[in-house]
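In order, the protein sequences belong to chains W and X. With the first letter of the first sequence counted as 1, position 21 gets the number 461 in my numbering; the numbers rise by one all the way through. With the first letter of the second sequence counted as 1, position 36 gets the number 45 in my numbering; the numbers rise by one all the way through. This report refers to the structure that appears directly beneath it.
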Amino acid sequence: MMRFIEGSLAVSDAVRMCRPDVVSAYPITPQTHIVESLAEMVANCTLDAEYITVESEFSALSACLGAVAAGSRAYSATSSQGLALMFEVCFNLAGMRLPMVMTIANRAISAPLSIWNDQQDSISLRDSGWLQFYAEDNQEAADLHYLAYKVAEDQKILLPAMVCFDGFILSHTYEPVDMPTQEEVDAYLPKFNPCQRLDAKDPISFGMFAFPEYYMEFRYAIDQALQQSREKIREAGKEFKEKFGRDYSALVEGYRLEDAETVLVAMGSLCGTAKDAIDEMRGAGRKVGLLKIRTYRPFPGEEVAAALKGAKRVAVLDKNISLGSKGAVGLEVKDVLYGSGIPVLDYIVGLGGRDMRKRDIERIVTLAEKGEGDLFYGLREEVA
Amino acid sequence: MVDKTLELFDCGHRACGGCGPALAARLIMKAAGTDTIVVSATGCMEVFSTPYPETAWKVPWIHSLFENAAAVASGVEAALKKQGRSEKVVVIGGDGATFDIGMLCISGAFERGHDFTYICYDNEAYMNTGIQRSGATPLDAHTTTSPAGKCSTGNRRPKKDMPAILAAHGAPYVATTSIAYPNDLMQKVERAIETKGPCYVQIHAPCPTGWGYEGDRTMVMGKLAVETGLFVLFEQTDGTVTRVKKVMRKPVEEYLKGQKRFAHLFKPTRNEAEIARIQATADRNAEKFGIDIKLKKPVEKPEG
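If you want it as structure tokens, here you go:
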């Protein structure tokens, strides 16, 4: 059913229909509307879950870890500093092969303190072993939760997943979102049935320590699972299309790539703005397209390479910066296109909520056409 | 009634000879029984009991991180509740994990009132990393980060009062015990597990490696700590102290001089002032908890 709904509430309703057994979260802007909404559902018995109100994000994710190990489906949501505080637990969950889903309402990281959007928080966890999905709009944000649980809990994958959507830009924005029924979600997402759990009838030890003779193999196994999860995502996306009509069978999405000479690469809500800007530029005869990366971990290298192979130049819009190096997405696109001769220009944009409009996209395309890249875009005059 | 003949913490683990915490684990599990899920914090016990692919635990066991055992246990307990399962959740952490780094998670879990038992095996320093001081290290103990030296008498601060802190959270049951009193230990662990809500048991667990004594003297050390009044065994129900182990108190020196961590108080010269400070700690404990056995009649020395 199509509903005109705030992004956070579309997400919380999607989460409700995923039937989490245990929800644990700590309030942080701009994630709050999600967890408030879930608390209300539990209070009104529309969600049958244990809601653990913790004293920190660190405990929130730790409680989820315990719940998943005990065989329950767990959910959390956070942003920015909260995710930074969860850093240690994030690596631990993936290492212990405990699947869950966490929504990230993307927000800049302090200092300076900022409550506004960029993607530095989740990008900084890219090496933790979690799957990472980035939503362009609130429809995708909601839908990706059903898909994320399905892939994360697959017996061959067993890894946690982050569904990232831009704080405020999406989380606090009303959009029409097609919400499925509970029956439809149940038909898509099976009950969580892990092959191992904490159970007195069948005791096992979780989280043992490994000597150098074993450690590498554990890390290899996680990487293998992430590599193989590409196919699971495609399968889950295909089934999603059959059941709900929206297509997530590819890890990336191309927009007007046919004869594009300049291809923009972006993740998240920026893609919507870029699409509008591209329509205008196309109208003016400029051959511009967009490659949206929806799945950032595992990184869809082959799909990115295939989509970009006809481009004359690639302009990557990074809402993050690996300080002392470059934008994280830009680096990976360069890696994928190494040897192709296609120039990849990286633009650090929109940090800490700096607005990105259609005219900014157009200016970046112009810069790319002139070969000017690898820069912070739109700095104040006194700095630039 | 739990079958105490079962060994649910198995032999063959890699603890040092005479390890107090290993004995604590064995006794805890005898008291807890098979219907238990154990959540361990990082530390000696976790490391010596679960080097992959071996495990000493015959009950479901989980270790996540150093500081989050109480939070993990919160999640386990919530999941069991949701699933309608009956296993009891027991957390085991060392004094570093409990007094210091895990304090936030413990405080949160106790305030929320989860039904679980938190057990701290207290060997009074970070032994796993090489004997560094913790909030549980007693006054004047030499550790690698509170070394005795020309201008230091060892650890500058007295032991943090964790039982009082957790009692202040409204814990329905708080107790201290020692590996040197196995029946007392098992009884208290059993009572904590039976009591609904977040309960705390602190087990004094001497460490031959960290304290500097021969491994065959662990029980002696545990007993002396209690008999000198430096570690009081008590039980507190709903905020009221209901039971205290009474002793014929010995001077603290008898406990101190058998351990290398206090050797600097005796050599090269006796440090009377510091020994007196430690004695004063024991005296205060004795007064606070009333541990001294008061004989009705003074013992008369036979004449001649």
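By construction, the Cβ of each residue, glycine as well, lies at the ideal position given by its N, Cα and C atoms.
Can you tell me whether residue i is buried or exposed, with buried defined as 16 or more other CB within 10 angstroms of its CB?
i	result
residue 136/X	buried
residue 660/W	exposed
residue 516/W	buried
residue 297/X	exposed
residue 77/X	buried
residue 700/W	buried
residue 302/X	exposed
residue 164/X	buried
residue 732/W	buried
residue 557/W	buried
residue 275/X	exposed
residue 304/X	exposed
residue 87/X	buried
residue 550/W	exposed
residue 589/W	buried
residue 819/W	exposed
residue 765/W	exposed
Output yes if chain W places a C-beta closer than 9 angstroms to the C-beta of residue i; else output no.
i	result
residue 186/X	no
residue 48/X	yes
residue 56/X	yes
residue 44/X	yes
residue 59/X	yes
Shortest alpha-carbon distance to residue i belongs to which of the options?
i	options	result
residue 223/X	192/X, 268/X and 240/X	268/X
residue 532/W	649/W, 550/W and 766/W	649/W
residue 547/W	818/W, 695/W and 563/W	563/W
residue 672/W	450/W, 735/W, 448/W and 441/W	735/W
residue 172/X	156/X, 45/X, 157/X and 247/X	247/X
residue 477/W	496/W, 452/W and 471/W	452/W
residue 161/X	152/X, 132/X and 124/X	152/X
residue 554/W	510/W, 612/W, 446/W and 468/W	468/W
residue 726/W	802/W, 508/W, 472/W and 503/W	802/W
residue 54/X	130/X, 81/X and 281/X	130/X
residue 509/W	797/W, 737/W and 634/W	634/W
residue 792/W	753/W, 519/W, 807/W and 693/W	519/W
residue 777/W	753/W, 789/W and 788/W	753/W
For a cutoff of 9 angstroms on Cβ pairs, would you count residue i as touching chain X?
i	result
residue 524/W	no
residue 654/W	yes
residue 761/W	no
residue 506/W	yes
residue 601/W	no
residue 495/W	yes
residue 510/W	yes
residue 479/W	no
residue 500/W	yes
residue 814/W	no
residue 782/W	no
residue 492/W	yes
residue 483/W	no
Between residue i and the rest of its own chain, which residues show a CB-CB distance below 6 angstroms, the 5 nearest in sequence each way excluded?
i	result
residue 706/W	714 and 757
residue 11/X	42
residue 57/X	22, 23 and 24
residue 677/W	688 and 689
residue 65/X	18, 19, 22 and 58
residue 448/W	473, 474 and 611
residue 32/X	188
residue 594/W	672
residue 441/W	619
In its own chain, which residues sit with a C-beta less than 7 angstroms from the C-beta of residue i, not counting the 5 before and 5 after it?
i	result
residue 768/W	563, 566, 758, 760 and 762
residue 636/W	644
residue 718/W	695, 696, 728, 729 and 730
residue 460/W	489, 513, 514 and 515
residue 534/W	568, 569, 570, 599, 600 and 662
residue 584/W	573, 575 and 603
Got a sec: does the ligand SAH put a non-hydrogen atom nearer than 8 angstroms to the Cβ of residue i?
i	result
residue 52/X	No copy of the ligand SAH appears in this structure; indeed no ligand is present at all.
Return the chain-ordered list of same chain residues with a C-beta closer than 8 angstroms to the C-beta of residue i, the five sequence neighbours on each side being excluded.
i	result
residue 681/W	687, 688 and 689
residue 233/X	259, 263, 264 and 267
The stretch 61–95 of chain X: positions lying closer than 7 angstroms to chain W by Cβ: 61, 64, 66, 67, 68, 69, 70, 71, 72, 73, 74, 77, 80, 81, 82, 83, 84, 85, 87, 88, 89, 90, 91 and 92
Residues in the stretch 567–595 of chain W having any Cβ partner in chain X nearer than 7 angstroms: none
Residues within the stretch 513–540 of chain W neighbouring chain X, beta-carbon criterion of under 8 angstroms: 514, 528, 529, 532 and 536
Contact list for the stretch 110–124 of chain X against chain W, Cβ threshold 9 angstroms: 113, 114, 116, 117, 118, 120, 121 and 123
Residues of the stretch 625–653 of chain W whose Cβ lies closer than 7 angstroms to any Cβ of chain X, in chain order: 638, 639, 640, 643, 644, 645, 646, 647, 648, 649, 650 and 651
Cβ-based contacts, 8 angstroms cut-off: residues of the stretch 444–471 of chain W near chain X: 461, 462 and 464
Residues of the stretch 543–562 of chain W whose Cβ lies closer than 8 angstroms to any Cβ of chain X, in chain order: none
Proximal residues, the stretch 714–743 of chain W versus chain X, C-beta separation under 9 angstroms: none
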